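Engineer:
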Amino acid sequence: FFFSRAVDSDTMPNKPSEYKLSEKWDVAAENFLVKSGTGLLGGMLAGAILFRGGGSRMFVTGLCTGFGAGISFMDARISFEHPEYKLAPFSFKKFTLPKMPVDKKE
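Residue numbers (this note's numbering): 1252 to 1357.
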């Protein structure tokens, strides 16, 4: 779901291992910020809509932020333990469905 197979053409074979490790840490940090931030915003929105008390709102916000941080931690763990997988880059590209062929009636 979150991972894609590493492609040999995009990785240079003579790149030092320090650079590869640094790139993994950069992707893991970006992934943590994005997923924790998404959980934070989602939790704030859900808490504001569903609950009236401040404690309940903070609990839901913290819970959703923790879920986002936990997911990013597992993604980073898999990325570091299994070098054949790499994190899929995060993008804001619009998801589009493939166009279906149109049957022409004759």
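All C-beta atoms, glycine included, are put in the ideal place defined by N, C-alpha and C.
Nothing here was measured: the structure is a model prediction, and the numbers come from that model.
1) At what residue ranges does the segment 1279 to 1312 contain a whole run of the alpha helix (DSSP H), taking only runs of 4 or more?
2) State yes or no: is the C-beta of S1268 within less than 8 Å of the C-beta of A1320?
3) So, is N1282 buried or exposed, given that buried needs 16 or more other C-beta atoms within 10 angstroms?
4) If you draw a straight line from the C-alpha of G1305 to the C-alpha of I1322, how long is it?
Structural biologist: According to the data block:
1) Listed in chain order, there is nothing to give.
2) Cβ atoms of S1268 and A1320: not closer than 8 Å.
3) Under this definition N1282 is a buried residue.
4) Between G1305 and I1322, the C-alpha separation is close to 26 Å.
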